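Enquirer: My questions all concern the structure below.
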Amino acid sequence: MIPERLFFAGIGGAGMAPLAELLLRRNCSVSGSDEVAGANTERLARLGAGIVIGHRAENLPAETQLLVYSSAVPPQNPERRAAAARGIAQMRRGELLAEFARYYRRVVAVSGSHGKSSISAMTAHILRAAKLAPGVMIGAKVYGATDADNGENDDVFVCEADESDGTHALLSSELGIVPNVDGDHAWSVGGEENLAENFRTFAHRARHLIAEDSPQCRELFSSHADVRFIPVDGENDFAGFQGFQATDARFAVEAAKFFGIPEDEAVRFLQSFGGVERRMHVVSRADGVTVVEDYAHHPREVAASLALMRKKFPGEHLLVVFQPHRYARLERYFDDFVAVLGTADSLIVTDVFAAWSESGTRTGKDLADAIPGARYGGGDFSRVAEMAKCVSPRPLVIAVIGAGSVNRTLAYL
Numbered sequence: 093m094i095p096e097r098l099f100f101a102g103i104g105g106a107g108m109a110p111l112a113e114l115l116l117r118r119n120c121s122v123s124g125s126d127e128v129a130g131a132n133t134e135r136l137a138r139l140g141a142g143i144v145i146g147h148r149a150e151n152l153p154a155e156t157q158l159l160v161y162s163s164a165v166p167p168q169n170p171e172r173r174a175a176a177a178r179g180i181a182q183m184r185r186g187e188l189l190a191e192f193a194r195y196y197r198r199v200v201a202v203s204g205s206h207g208k209s210s211i212s213a214m215t216a217h218i219l220r221a222a223k224l225a226p227g228v229m230i231g232a233k234v235y236g237a238t239d240a241d242n243g244e245n246d247d248v249f250v251c252e253a254d255e256s257d258g259t260h261a262l263l264s265s266e267l268g269i270v271p272n273v274d275g276d277h278a279w280s281v282g283g284e285e286n287l288a289e290n291f292r293t294f295a296h297r298a299r300h301l302i303a304e305d306s307p308q309c310r311e312l313f314s315s316h317a318d319v320r321f322i323p324v325d326g327e328n329d330f331a332g333f334q335g336f337q338a339t340d341a342r343f344a345v346e347a348a349k350f351f352g353i354p355e356d357e358a359v360r361f362l363q364s365f366g367g368v369e370r371r372m373h374v375v376s377r378a379d380g381v382t383v384v385e386d387y388a389h390h391p392r393e394v395a396a397s398l399a400l401m402r403k404k405f406p407g408e409h410l411l412v413v414f415q416p417h418r419y420a421r422l423e424r425y426f427d428d429f430v431a432v433l434g435t436a437d438s439l440i441v442t443d444v445f446a447a448w449s450e451s452g453t454r455t456g457k458d459l460a461d462a463i464p465g466a467r468y469g470g471g472d473f474s475r476v477a478e479m480a481k482c483v484s485p486r487p488l489v490i491a492v493i494g495a496g497s498v499n500r501t502l503a504y505l
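Numbered according to my numbering, the sequence shown spans residues 93 to 505.
Below you can see the structure in the form of structure tokens.
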């Protein structure tokens, strides 16, 4: 059972905030802290959460029964140290999600290296349209819908299961979805063998499984008692979507079919899907310049993003503003990033977004220097925007790509 009085260290995070909201709506007493205020902390405060900005030992309420932390919050965090000194239980966000999911009879859990948020959001959209009234927890904002919803009953719950800290392996589900498996995040779970084993455990804790029809997924999941492998080509349009978004839609429709929703009906429901924030979102289009943002931060994602940009905006000059996300990822995939980003017509690279307070031997400047014609923009996003505005070919697509703070550039474009 989940305790009634919880404190979230890092409550404003993309995965923390919706989980905190779900518990608030189940009448738990929720408080938490974050380094900076933002839309998530402000929303939670309006819903009744006790929010403090900054991490201090005195933030931890005396009545706290459980401290929840994201994997970005280290043991040295003063609130975690205070909880340890007072004998208060601590739990990772993904562990709490696994416990929360037990409230529901049928859990749909989406894991995988890429596409979790979009597939979860699309699946939830279809199930809502079909009047199944699911509970939902998505680690991204969804246009026209909420990322945190307890649903109208405790029947169906759709959630994305993060593989970056291995906690996806704790979820038990009626339907598991794995659209792909890459080596991303292997460094944070003890290596590629551990990552693969975590995915295998996630899959085998699902009663039914939908997975990409790829050699890696077949190797990991062929022994599952009820697995359906979905061919992915990335070329054909589906349900009104193109490129990798068509693939996301195909997985969502397959999930809907599991609930007895005919494919043509699921496809029709998807026509009203509003999209997910920072996922191929067209920010503006005026005077021959289109500004698009995307969350891609792995070479495979960046390649898919650029391919879709080319398909959506054929013949237009493609300027990419790219922010590497985590030093560990940049170091691991440096040559792949060079190859993929080198296909852009113009390129500006910013400083690395460090995420979990990392440091590394490769920098954003190193990446820019390795790609002919690329320019280094540093960490001043107003300057990055000015550099982008100086690119003259028209029509022009400015693609702001990355999972960190690079979206701040948009305010200056």
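Idealized CB from N, CA, C, for every residue including glycine. The structure displayed is predicted, hence computed values, not measured ones.
(1) Evaluate contact between the segment 409 to 419 and the segment 480 to 493, counting only Cβ atoms and requiring at least three cross-stretch pairs below 8 Å.
(2) Kindly indicate which three-state DSSP category F238 falls into: helix, strand or coil?
(3) Does the pairing of the segment 317 to 337 with the segment 190 to 199 give three or more beta-carbon distances under 8 Å?
(4) If you check the beta carbons only, do I230 and V368 fall under 9 Å apart?
(5) Drop a sphere of 10 angstroms on the beta-carbon of Q337, count the other beta-carbons inside from all chains shown, and report buried for 16 or more, exposed for fewer.
(6) Which residues in the same chain have their Cβ closer than 7 Å to the Cβ of G236, if we skip the five residues on either side of it in sequence?
(7) Return the chain-ordered list of same chain residues with a C-beta closer than 6 Å to the C-beta of A436, the five sequence neighbours on each side being excluded.
(8) Kindly list the residues whose CB is nearer than 8 Å to the CB of R402, restricted to its own chain and excluding five residues on each side of it in sequence; keep chain order.
(9) Since I believe A358 is in contact with I302 (beta carbons under 8 Å), could you give me their beta-carbon distance rounded to a whole number of angstroms?
(10) So the candidates are E311, Q308 and L267; which of them puts its Cα closest to the Cα of H300?
(11) Just to confirm, is the Cβ distance from G105 to V128 under 9 Å?
(12) Excluding the 5 residues preceding and the 5 following A399 in the sequence, name in chain order all residues of the same chain whose CB lies nearer than 7 Å to its CB.
(13) Given that a residue counts as buried once 16 or more other Cβ atoms are within 10 Å of its Cβ, and exposed if not, what is R424?
(14) Can the beta-carbon of A344 be found closer than 9 Å to that of I463?
(15) Exposed or buried, which one is E415 when buried takes at least 16 other CB atoms within 10 Å?
(16) Are the segment 131 to 143 and the segment 207 to 223 touching by the rule of at least three beta carbon pairs closer than 8 Å?
(17) Taking three-plus beta-carbon pairs below 8 Å as touching, is the segment 169 to 188 in contact with the segment 236 to 245?
(18) Could you tell me the alpha carbon to alpha carbon distance between T156 and M183, rounded to whole angstroms?
(19) May I have the straight-line CA-CA distance separating A388 from V381, to the nearest angstrom?
(20) Please classify S438 as buried or exposed, where buried requires at least 16 neighbouring CB atoms within 10 angstroms.
(21) Helix, strand or coil for V81, going by three-state DSSP, please let me know.
(22) Given this structure, state the Cα-to-Cα distance separating G434 from Y504, to the nearest angstrom.
(23) With DSSP as the reference, identify every bridge partner of E304, one or two as the case may be.
(24) Can the beta-carbon of S162 be found closer than 9 Å to that of G107?
(25) Just the Cα atoms here: how many angstroms apart are S209 and T259?
(26) Compare the C-alpha of H373 against each of V122, C120 and K233 and name the closest.
(27) Could you tell me which of L263, A431, L459 and A222 sits nearest to F351, measuring between CA atoms?
Expert: In terms of the structure at hand:
(1) yes
(2) Taking the first residue of the sequence shown as 1, we reach residue 238 at position 146. Looking at the sequence itself, residue 238 is Thr, so the reference to Phe does not match. Residue state, collapsed to three classes: coil.
(3) no
(4) Reading the sequence shown from its first residue, position 138 is the one you call residue 230. Reading the sequence shown from its first residue, position 276 is the one you call residue 368. Yes, these two residues count as a Cβ contact at 9 Å.
(5) The count along the sequence shown starts at 1 and reaches residue 337 at position 245. Answer is buried; the Cβ neighbour count reaches 16.
(6) Taking the first residue of the sequence shown as position 1, residue 236 is located at position 144. These residues qualify, in order along the chain: G366.
(7) Your numbering for residue 436 matches position 344 in the sequence shown. Within the same chain, A436 has close Cβ partners L410 and V412.
(8) Position 310 of the sequence shown, counted from the start, is the residue given in the question as residue 402. Excluding residues within five positions, the ones whose Cβ falls inside 8 Å are L410.
(9) Along the sequence shown, read from residue 1 onward, the residue named residue 302 stands at position 210. Along the sequence shown, read from residue 1 onward, the residue named residue 358 stands at position 266. About 13 Å; that fails the 8 Å criterion.
(10) On the sequence shown, residue 300 is found 208 positions in, with the first residue counted as 1. Of E311, Q308 and L267, the residue nearest in Cα terms is L267.
(11) Taking the first residue of the sequence shown as 1, we reach residue 105 at position 13. Taking the first residue of the sequence shown as 1, we reach residue 128 at position 36. Going by C-beta atoms, G105 is not nearer than 9 Å to V128.
(12) Indexing the sequence shown from 1 puts residue 399 at position 307. Closer than 7 Å at Cβ, skipping near neighbours: G335.
(13) Counted from its first residue, the sequence shown places residue 424 at position 332. R424 should be labelled buried.
(14) The count along the sequence shown starts at 1 and reaches residue 344 at position 252. The count along the sequence shown starts at 1 and reaches residue 463 at position 371. Contact flag unset, no.
(15) In the sequence shown, the residue the question calls residue 415 occupies position 323. The identity of residue 415 in the sequence shown is Gln, whereas the question assumes Glu. So Q415 ends up on the buried side.
(16) no
(17) no
(18) Taking the first residue of the sequence shown as position 1, residue 156 is located at position 64. Taking the first residue of the sequence shown as position 1, residue 183 is located at position 91. Roughly 13 Å between the two C-alpha positions.
(19) Position 296 of the sequence shown, counted from the start, is the residue given in the question as residue 388. Position 289 of the sequence shown, counted from the start, is the residue given in the question as residue 381. A388 and V381: Cα-Cα distance of roughly 21 Å.
(20) Position 346 of the sequence shown holds residue 438. Flag for S438 reads buried.
(21) For the chain, the structure presents residues 93 to 505; residue 81 sits outside this window and is missing.
(22) What you label residue 434 is simply residue 342 of the sequence shown in a count that begins at 1. What you label residue 504 is simply residue 412 of the sequence shown in a count that begins at 1. Those two C-alpha atoms are separated by around 25 Å.
(23) If you number the sequence shown from 1, residue 304 lands on position 212. E304 is bridged to I322.
(24) Within the sequence shown, residue 162 is the residue found at index 70, counting from 1. Within the sequence shown, residue 107 is the residue found at index 15, counting from 1. Against a cut-off of 9 Å, the Cβ pair of G107 and S162 comes out as a contact.
(25) Walking along the sequence shown from the start, residue 209 turns up at place 117. Walking along the sequence shown from the start, residue 259 turns up at place 167. For S209 and T259, the distance between alpha carbons rounds to 16 Å.
(26) Here residue 373 corresponds to residue number 281 of the sequence shown, with the count starting at 1. Per the Cα distances, K233.
(27) One-based indexing of the sequence shown puts residue 351 at position 259. Taking only the C-alpha atoms, the option nearest F351 is A222.
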